[in-house]
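See structure below.
Protein chains: 2
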Amino acid sequence: MGDDIQGDKPTLRTLSQETGFAVATVSRALAGDPRIAATTRETVSAAATRLGYVPDRAARRLRTGRTQVISLLLNTQHEFLGFTHEFLSGITEVLAGTGYSVTVVPDSPGEDRLAPVRTILRNNLADGLLFTRTEAFDPRVRLLMEADFPFVSHGRTEFTTPHPWVDYDNEAFARQAVQHLVSKGRRRISLVLPGDQFTFTQHLRYGFLSAVREAGIDCEIVTGVTLDSPPTEIAAALMQRRSTANPPDGYVCVGEVTALLALAALTDTGAVHGVDADIVAKRASPIFDNIRPRIDTVFEDLRATGRAMAEMLLRRMHGEPQEGLNRLFQPSTDLCG
Amino acid sequence: MGDDIQGDKPTLRTLSQETGFAVATVSRALAGDPRIAATTRETVSAAATRLGYVPDRAARRLRTGRTQVISLLLNTQHEFLGFTHEFLSGITEVLAGTGYSVTVVPDSPGEDRLAPVRTILRNNLADGLLFTRTEAFDPRVRLLMEADFPFVSHGRTEFTTPHPWVDYDNEAFARQAVQHLVSKGRRRISLVLPGDQFTFTQHLRYGFLSAVREAGIDCEIVTGVTLDSPPTEIAAALMQRRSTANPPDGYVCVGEVTALLALAALTDTGAVHGVDADIVAKRASPIFDNIRPRIDTVFEDLRATGRAMAEMLLRRMHGEPQEGLNRLFQPSTDLCG
DNA sequence: TGGGATAATTGAAACGTTATAAATTGGGGT
DNA sequence: ACCCCAATTTATAACGTTTCAATTATCCCA
Numbered sequence: 001m002g003d004d005i006q007g008d009k010p011t012l013r014t015l016s017q018e019t020g021f022a023v024a025t026v027s028r029a030l031a032g033d034p035r036i037a038a039t040t041r042e043t044v045s046a047a048a049t050r051l052g053y054v055p056d057r058a059a060r061r062l063r064t065g066r067t068q069v070i071s072l073l074l075n076t077q078h079e080f081l082g083f084t085h086e087f088l089s090g091i092t093e094v095l096a097g098t099g100y101s102v103t104v105v106p107d108s109p110g111e112d113r114l115a116p117v118r119t120i121l122r123n124n125l126a127d128g129l130l131f132t133r134t135e136a137f138d139p140r141v142r143l144l145m146e147a148d149f150p151f152v153s154h155g156r157t158e159f160t161t162p163h164p165w166v167d168y169d170n171e172a173f174a175r176q177a178v179q180h181l182v183s184k185g186r187r188r189i190s191l192v193l194p195g196d197q198f199t200f201t202q203h204l205r206y207g208f209l210s211a212v213r214e215a216g217i218d219c220e221i222v223t224g225v226t227l228d229s230p231p232t233e234i235a236a237a238l239m240q241r242r243s244t245a246n247p248p249d250g251y252v253c254v255g256e257v258t259a260l261l262a263l264a265a266l267t268d269t270g271a272v273h274g275v276d277a278d279i280v281a282k283r284a285s286p287i288f289d290n291i292r293p294r295i296d297t298v299f300e301d302l303r304a305t306g307r308a309m310a311e312m313l314l315r316r317m318h319g320e321p322q323e324g325l326n327r328l329f330q331p332s333t334d335l336c337g
Numbered sequence: 338m339g340d341d342i343q344g345d346k347p348t349l350r351t352l353s354q355e356t357g358f359a360v361a362t363v364s365r366a367l368a369g370d371p372r373i374a375a376t377t378r379e380t381v382s383a384a385a386t387r388l389g390y391v392p393d394r395a396a397r398r399l400r401t402g403r404t405q406v407i408s409l410l411l412n413t414q415h416e417f418l419g420f421t422h423e424f425l426s427g428i429t430e431v432l433a434g435t436g437y438s439v440t441v442v443p444d445s446p447g448e449d450r451l452a453p454v455r456t457i458l459r460n461n462l463a464d465g466l467l468f469t470r471t472e473a474f475d476p477r478v479r480l481l482m483e484a485d486f487p488f489v490s491h492g493r494t495e496f497t498t499p500h501p502w503v504d505y506d507n508e509a510f511a512r513q514a515v516q517h518l519v520s521k522g523r524r525r526i527s528l529v530l531p532g533d534q535f536t537f538t539q540h541l542r543y544g545f546l547s548a549v550r551e552a553g554i555d556c557e558i559v560t561g562v563t564l565d566s567p568p569t570e571i572a573a574a575l576m577q578r579r580s581t582a583n584p585p586d587g588y589v590c591v592g593e594v595t596a597l598l599a600l601a602a603l604t605d606t607g608a609v610h611g612v613d614a615d616i617v618a619k620r621a622s623p624i625f626d627n628i629r630p631r632i633d634t635v636f637e638d639l640r641a642t643g644r645a646m647a648e649m650l651l652r653r654m655h656g657e658p659q660e661g662l663n664r665l666f667q668p669s670t671d672l673c674g
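Protein chains in written order, with the working numbering: chain A, 1 to 337; chain B, 338 to 674.
Below, the structure written as structure tokens:
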């Protein structure tokens, strides 16, 4: 109805003709340059909203070198259930209305993890980068720091130079999980860890082992498999442990799949959950509310994680110093009352 | 090692100086223009690979109007478990190496579903669009067809004008699920449907009802809730039905969550799965292999779906006529041997 | 009444690419 | 020797934006 007849997208030139100011002035006015008279700024921005002007991304990008894009490295092989969805939802939520868009780049686990990063840097495909599954001396972090390219990692590193990160306190989670099992009288607790290269594996191990030691109980960290192993292999490893003389009576599970595998291992060996053994699991999706028997879980809010990382990246890109830019999410304390 | 000293990104001008040909010639040569001599083309592309030339996306986009971007409308509210991850993995898999990148745009369910599409069209943010949860007379499809903008929908519509789509044969799934339950002797089958607005809801309903009629058994389609309702509400509705005089002895579940809810409803009312009732569910993630008691499932391969949609969109964008561009995935026939 | 500063605006160039139209070259036929 | 045509190549102009340097208008003070 109120639309203009002309279908052409309005540009700075359109606004220039409309207002009588030069293109350069219009550009400056829209950018809020204080050297432009306040009245002019008002006139111009009024015209801009009236005509529905939107700056052309390609032109701006060509001129400034800024892409208005942030990239997410997506691990296409494994995911904790619901991880990708929640994480991405959080990111897009924050980015909506900022003018930034998010592109998803596959990060194939078998291959060179640096390759996508190199491509992004070299071809100037983004202004910032988000990624997950960070390693202790993650080569991506090293490369990005060298290039002074804005990024936020999901997970900490062990580099001495600080960099922005968001993490979940897996050490606290493991500790709480053990304590909870201990409070239920469990004396021999089992754990399946992610691959050793990931930093959070060390956090889990440390939290787990120190809580076990404090409580003076037994434990076993399942060997030969990781969280990324095929479920059948994990299942086999769990079953194998159950058939020993003193099988575990408690399980700390870092993901939903492991928890279900542990539950299945119990069932399949005739053990009863809640009687012969208990399970504590971390979950990213709401699905576990519906499992029977009920499993005690700690919820990791990955939507909030995505939000935090996107916000932090925006701040970093806008030039904030990296020192304060990190955040450690604490596990919800529902478990240990 | 072999890298050139100069850190500047090579451009057409660099290649021009390097080869002695004009910028225009270099551009044409790289584009494979037959009007350029074959020897020249070789010389130029040799220089291009030697210097690691990569065309600047912003410049190309500004000049041609093509963005080299495809957008995915992501429903941030609900997902079938693993849907987003698998779907996106399939898409990026196909797009890798094509020069296209994928951006994720939130599609908030409560709000205007047209808004993001309008933004993309108006601001020329993408060359093509993918989306899910298609409705019978989906306004997005209408708008995109009017604008002659390339897209592929996940799910069919009831428009008479053909358009590219990829779908899963939910009618066949529902039919097979019912038949499978009937073959186990079940006589009263329950179903929770997605919202009425979605096309696939009608397919599910039709397949379900006609199979039920053919078998001459009873059925109940749960009213008052949809697959998108909060799990607690679905759970309540299922429980309520179980407490009637003749509760269902079979469940067809379209998603993992409903299946777990049905299982929980059975357990919580003292019924035993496999004895008092059976469940057949569709799943997108491998998680159900690990559920005890085991649930019969049909796997919907969403990675393949994502691949198919991306491939189809590329073909559509490259000007292929839309007539043949659609694909109906059949349910794996593991269930009904 | 200037003159020098300040405020406001502007013209023009540039970012790297492609498309249009024009220019150059080399033959081949007469 | 000449002309015409095809085969190649090239100069140039955009695409829409930002920014440098330069211009014009405005004002204050000597």
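Cβ atoms here follow ideal geometry from the backbone N, Cα and C, with glycine treated the same way.
These numbers come from a predicted model, not from an experiment.
Might you give, ordered along the chain, the residues of its own chain that have their beta carbon closer than 7 Å to the beta carbon of residue i, omitting 5 neighbours on each side?
i                      : result
residue 330 of chain A : 169 and 172
residue 458 of chain B : 484 and 486
residue 477 of chain B : 450, 451, 454 and 468
Where does residue i fall in DSSP's three states?
i                      : result
residue 193 of chain A : coil
residue 206 of chain A : helix
residue 332 of chain A : coil
residue 180 of chain A : helix
residue 294 of chain A : coil
residue 357 of chain B : coil
residue 78 of chain A  : coil
residue 596 of chain B : helix
residue 52 of chain A  : coil
Between residue i and residue j, what straight-line distance do the alpha-carbon atoms span, to the nearest angstrom?
i                      : j                      : result
residue 217 of chain A : residue 148 of chain A : 47 Å
residue 230 of chain A : residue 76 of chain A  : 15 Å
residue 304 of chain A : residue 245 of chain A : 43 Å
residue 434 of chain B : residue 116 of chain A : 11 Å
residue 474 of chain B : residue 547 of chain B : 24 Å
residue 56 of chain A  : residue 67 of chain A  : 11 Å
residue 370 of chain B : residue 358 of chain B : 15 Å
residue 614 of chain B : residue 670 of chain B : 22 Å
residue 617 of chain B : residue 445 of chain B : 30 Å
residue 481 of chain B : residue 488 of chain B : 7 Å
residue 114 of chain A : residue 106 of chain A : 12 Å
residue 260 of chain A : residue 627 of chain B : 6 Å
residue 376 of chain B : residue 53 of chain A  : 47 Å
residue 61 of chain A  : residue 396 of chain B : 8 Å
residue 674 of chain B : residue 518 of chain B : Because the pLDDT at residue 674 of chain B is just 35, under 50, the model does not fix this residue reliably, and the value given afterwards should be weighed accordingly. One C-alpha to the other measures close to 13 Å.
residue 88 of chain A  : residue 177 of chain A : 27 Å
residue 360 of chain A : residue 601 of chain B : Absent from the structure is residue 360 of chain A, since the part of chain A shown begins at 1 and ends at 337.
residue 545 of chain B : residue 580 of chain B : 23 Å
residue 156 of chain A : residue 470 of chain B : 37 Å
residue 272 of chain A : residue 153 of chain A : 40 Å
residue 236 of chain A : residue 258 of chain A : 12 Å
For the candidate residues the options, whose alpha-carbon lies nearest to that of residue i?
i                      : options                       : result
residue 408 of chain B : B:562, B:606, B:647 and B:394 : B:647
residue 185 of chain A : A:249, A:107 and A:27         : A:249
residue 274 of chain A : A:198, A:284 and A:296        : A:296
residue 241 of chain A : A:268, A:154, A:69 and A:257  : A:268
residue 86 of chain A  : A:317, A:300, A:27 and A:316  : A:300
residue 421 of chain B : B:387, B:499 and B:621        : B:621
residue 50 of chain A  : A:10, A:36, A:82 and A:155    : A:10
Less than 6 Å between C-beta atoms, sequence neighbours within five positions excluded: which residues of the same chain meet that for residue i?
i                      : result
residue 194 of chain A : 201, 226 and 227
residue 570 of chain B : 562
residue 18 of chain A  : 47
residue 441 of chain B : 409 and 411
residue 219 of chain A : 189 and 212
residue 534 of chain B : 472
residue 363 of chain B : 349, 352, 353 and 381
residue 167 of chain A : 155, 156 and 328
Report all residues from its chain with a CB closer than 8 Å to the CB of residue i; omit the five preceding and five following residues, and keep chain order.
i                      : result
residue 431 of chain B : 643, 644, 647, 648 and 651
residue 541 of chain B : 507, 508, 510, 511, 528, 530, 531 and 591
Would the C-beta of residue i count as close to the ligand MN, meaning under 6 Å from any of its heavy atoms?
i                      : result
residue 276 of chain A : The ligand content of the structure shown is nil, which means the ligand MN is not present either.
Extract the residue ranges of the beta strand (DSSP E) inside the region 115-170 of chain A, only unbroken runs of 3 or more that lie entirely within it. 128-131, 151-154 and 165-168
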